[in-house]
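What follows is one structure encoded as structure tokens, with my remarks underneath.
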Amino acid sequence: MDYVIMVNEGPYNHQASDSAYHFATHALDKGHSIRRIFFYYDGVLNGTKFSAPQSDDRNIVKRWAALAEDHPVDLAICVAAGLRRGITDDSLADGFRITGLGEFIESCIDAERTVVFGD
Amino acid sequence: MDYVIMVNEGPYNHQASDSAYHFATHALDKGHSIRRIFFYYDGVLNGTKFSAPQSDDRNIVKRWAALAEDHPVDLAICVAAGLRRGITDDSLADGFRITGLGEFIESCIDAERTVVFGD
Amino acid sequence: MTHPDDTPAEIVVKRFLYVNRKAPHGTIYALEELEMVLIAAMFEQDVHLAFLDDGVFQIKKNQKPAELALKDFSKTYGALEDYGVEKIYVEKESIEERGLTPDDFIIPTTVLRRDDMSALMESMDVVLTA
Amino acid sequence: MTHPDDTPAEIVVKRFLYVNRKAPHGTIYALEELEMVLIAAMFEQDVHLAFLDDGVFQIKKNQKPAELALKDFSKTYGALEDYGVEKIYVEKESIEERGLTPDDFIIPTTVLRRDDMSALMESMDVVLTA
Amino acid sequence: MLHLVNKSPFERTNLQACLNRAVPGSAILLMEDAVYASLRGTSQSDLVAGAVNAYDFFVLAPDLAIRGLDASQVLQGVEPVDYGGFVDLTIDRQTVQSWL
Amino acid sequence: MLHLVNKSPFERTNLQACLNRAVPGSAILLMEDAVYASLRGTSQSDLVAGAVNAYDFFVLAPDLAIRGLDASQVLQGVEPVDYGGFVDLTIDRQTVQSWL
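Residue numbers (our numbering), protein chains in the order written: chain A, 295 to 413; chain B, 295 to 413; chain C, 12 to 141; chain D, 12 to 141; chain E, 972 to 1071; chain F, 972 to 1071.
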């Protein structure tokens, strides 16, 4: 099965980004593919390179990047939502890409399943 | 009257940051003082220098900075909440300052009124 | 060998539902969901918008966001028709619970009873919510 | 001229209430409010903690956040006593509505009926909520 | 005490949570999405209508205006205030509690 | 259809909103703070208990565990699943609707 996943909330503040991550890893473990994870609304904050959580906590930003290194998953940040919230090329973490909503809609058309995680 | 204001949510995503701003400007207009506006939880995102909203929208980050230029208001970002969310010296907007929760508690002790804006 | 002009790629047309359940202004979800729908309108897809629960407040007439220097996006709903988005539904029970009638809305809508809203949702391929 | 040692600055002691109304893990408010209380404990102030509504779930025993790689902060509530924070209240009605009893909690608490919680809140100088 | 409530009564239970604890005579300001609780003729009107005798209810008028609402639609016993009035309430009522 | 609900029934009306629209026979997965809706013996238990015959209810077991809860406390008719089961549900039920 081929998925697109939408993440609507920022890391740490809501569990949505954790839930999306665990869903993604389990789908990949089962042999499914995820063509794109699209970060919209506060979800764009998952892609800030300046996040530095405490040492006893998970690093959500780096965890996404590692996922995309191990699997052909496109980590796509919405440009418009990112501009509002200060996620631009100057603050973007490695492994993420800034793009438009059109690419998200395209992936909803092409993928077999769309799953939304939010607040 | 001397106030401390707490802002718990990020700009744009929730109205909390707008409400805090309008409350602050009206308190100042009435001749009151605001010793500190403390940004905690997602509120730290009010202090990102990379935010670039659309031209027909308010610029919340710059609006805070302008307030602090015109009045003796300390715009204080919580260091711990900021680190998690990528608000550090590398991303901090002009006019804001990074500090600890202790300074917030101090201002609650010293100020005559504490008002919290959040989700 | 095939001739591209003779055998166009099969166009997939899916039934998309954009669900609006949140009030405007208190949070940004209404505004950014609308921005998404305007982009979605450019694709050759079967686009549906549903307003239910507090989402019906999004299309309330006479919003004056300028009074608090907020972005005025309520007029943009009026542009949906120009973008070819015409399947716009509001739920009867949701508007009645909130003391509203279709006359309170800035755009023409199709009023669906809750059962029909259920059926509409059930018939979709992709459901996007904010 | 005054002698600093003889006339210490007057210490203001205010009654602070930290209100916990949100469930843990689904959002970060519980964790970051706890971090705030630990800092607040270092000041010579009259600190009170109240758990009501879904906030009572914050101090539920047997939380296993490691199962989803989440930060395990539930043990930190146990450190509150070491920090001198001993005025910890839970609302009776809130725990009953959620099928809990004081035995379900990881820390000793004072159980207050709703009326007494109201009176406690009303007696405060500063109320901080997340 | 001044209680601040900012969530829609259709979506969240914050207003009920506040009413369950606010001491009679307290001020309650409905702001942001909570202004919907101040309206007449909705399925949630009874929450405030049933409590106007026990509390001093206020609604933030600019938060009505941005939502396309105005004071004429508000329940009897709920007083519209602007931001200046909000500031004054924090002075008169001393302690402020936000029901987030 | 697979419906995802992730909010506490004590705090928000999302689960009721979902139940008002979900077609009988649909699957409903309670996750994140919505796992509290799956518990026996709470003031909100009737929401799910009254609907277990109409829907296939699931609860995300790791979301119970992180909150100090386990399957023994869950209402009859609600099936605990792990993330693998969640993935399988999205395949079996085709369309996913999140009640945010």
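We treat Cβ as the ideally placed atom computed from N, Cα and C, and that holds for glycine.
query                                                                                                                                                                                       : result
Can you name the residues that DSSP bridges to W1070 (chain E)?                                                                                                                             : E:V976
According to DSSP, Y100 (chain D) sits in a beta bridge with which residue or residues?                                                                                                     : D:A61, D:T121
Which residue wins for smallest C-alpha separation from S134 (chain C), given the options F:S997, F:F981, F:S979?                                                                           : F:S997
Please report how far the alpha carbon of Q309 (chain A) lies from the alpha carbon of A374 (chain B), in whole angstroms.                                                                  : 19 Å
Between F332 (chain A) and N340 (chain A), how many whole angstroms is the CB-CB distance? I'm expecting something under 8 Å.                                                               : Incorrect: roughly 11 Å between the Cβ atoms, too far for contact.
Quick one: what's got a C-beta closer than 8 Å to M295 (chain A)'s C-beta in the same chain, skipping five residues either side?                                                            : A321, H326, S327, E406, R407
Nearest-angstrom Cα distance between A52 (chain C) and P35 (chain C)?                                                                                                                       : 21 Å
Using DSSP with H/G/I as helix, E/B as strand and the rest coil, what is F398 (chain A)?                                                                                                    : helix
Do the segment 124-132 of chain D and the segment 121-136 of chain C touch if we need at least three Cβ pairs shorter than 8 Å?                                                             : no
Consult DSSP for L91 (chain C) and reduce its assignment to one of helix, strand or coil.                                                                                                   : coil
Can you check the segment 1005-1063 of chain E for any alpha helix (DSSP H) of at least 4 residues that lies completely inside it and give the ranges in chain order?                       : 1016-1020, 1032-1036, 1054-1063
Am I right that G89 (chain C) and I117 (chain C) are in contact with their C-beta atoms under 8 Å? What's the rounded C-beta distance?                                                      : 6 Å
Might you give, ordered along the chain, the residues of its own chain that have their beta carbon closer than 8 Å to the beta carbon of T13 (chain C), omitting 5 neighbours on each side? : Caution applies to T13 (chain C), whose pLDDT of 42 falls short of 50 and renders its modelled position unreliable; the value that the coordinates give is listed next. Counting only Cβ-Cβ distances below 8 Å, and skipping sequence neighbours, we find nothing.
Can you tell me the Cα-Cα spacing of A1036 (chain E) and P119 (chain C), whole angstroms?                                                                                                   : 22 Å
If contacts are defined as beta-carbon pairs under 8 Å, then E982 (chain E) and D65 (chain C) qualify, I think. What distance do you get, rounded to the angstrom?                          : 5 Å
Would you kindly report the start and end of the unbroken beta strand (DSSP E) that includes N985 (chain F)?                                                                                : N985 (chain F) -> not in any beta strand (DSSP E); alpha helix (DSSP H) instead, spanning 985-992.
Between the C-alpha atoms of V96 (chain D) and V67 (chain D), what's the straight-line distance to the nearest angstrom?                                                                    : 17 Å
Compute the Euclidean distance between the alpha carbons of D330 (chain B) and I403 (chain B), then round it to the nearest angstrom.                                                       : Checking the displayed sequence, the identity of residue 330 (chain B) turns out to be Arg instead of Asp. Spanning the two alpha carbons is a distance of roughly 12 Å.
Taking only beta-carbon atoms, is V139 (chain D) less than 8 Å away from chain B?                                                                                                           : In the sequence as presented, Val is not what sits at residue 139 (chain D); that position holds Leu. Judged by the 8 Å Cβ criterion, L139 (chain D) is in contact with chain B.
With respect to the beta strand (DSSP E) encompassing Y297 (chain A), which residues constitute its N-terminal and C-terminal limits?                                                       : 296-301
To be precise: take each residue of the segment 73-86 of chain D, compare its Cβ to all Cβ atoms of chain F, and keep it if any distance is under 7 Å. Which residues remain?               : N73, Q74, K75, P76, E78, L79, L81
Out of F:L1001, F:T1066, F:E1050, F:G1012, point me to the one whose CA is closest to D111 (chain D)'s CA.                                                                                  : With the sequence shown as reference, residue 111 (chain D) is identified as Leu, and Asp is not the correct amino acid for it. Checking every option, the nearest Cα to that of L111 (chain D) belongs to F:G1012.
Is the beta carbon of T319 (chain B) less than 8 Å from the beta carbon of A387 (chain B)?                                                                                                  : no
Spell out whether any CB of chain C is found under 8 Å from the CB atom of D1027 (chain E).                                                                                                 : no
Per DSSP, what kind of secondary structure is V48 (chain D) in: helix, strand or coil?                                                                                                      : helix
Just checking F27 (chain C) against the ligand HEM - is the residue's beta carbon closer than 7 Å to any of the ligand's heavy atoms?                                                       : Ligands displayed in this structure: none; no statement on the ligand HEM is therefore possible.
Does DSSP put R378 (chain A) in a helix, a strand or coil?                                                                                                                                  : helix
Per the DSSP calculation, A968 (chain F) is bridged to which residue(s)?                                                                                                                    : Since the displayed chain F opens at 972 and closes at 1071, residue 968 (chain F) lies outside it and no answer follows.
Cβ closer than 7 Å: which chain F residues qualify as neighbours of E1003 (chain E)?                                                                                                        : Ordered by position in chain F, no residue passes the 7 Å Cβ test against E1003 (chain E), which lies about 16 Å from the chain.
Go through its chain and collect everything with a Cβ distance to P347 (chain B)'s Cβ below 8 Å, but skip five positions before and after it.                                               : Y306, N353, I354
Output needed for R1038 (chain F): all residues of its chain with C-beta closer than 7 Å, excluding positions within five of it in sequence on either side, in chain order.                 : V1006
Could you give the distance in angstroms between the alpha-carbon of R992 (chain F) and the alpha-carbon of V101 (chain C)?                                                                 : 13 Å
Just the C-alpha distance for P980 (chain E) and S313 (chain B), rounded to the nearest angstrom, thanks.                                                                                   : 19 Å
Between D1027 (chain E) and L1000 (chain E), what straight-line distance do the alpha-carbon atoms span, to the nearest angstrom?                                                           : 8 Å
Between L63 (chain D) and R109 (chain D), how many whole angstroms is the CB-CB distance? I'm expecting something under 8 Å.                                                                : Not quite, the Cβ-Cβ distance comes to about 11 Å (not below 8 Å), so this is no contact.
Rounded C-beta distance between S385 (chain A) and F344 (chain A)? I'm assuming under 8 Å.                                                                                                  : 6 Å
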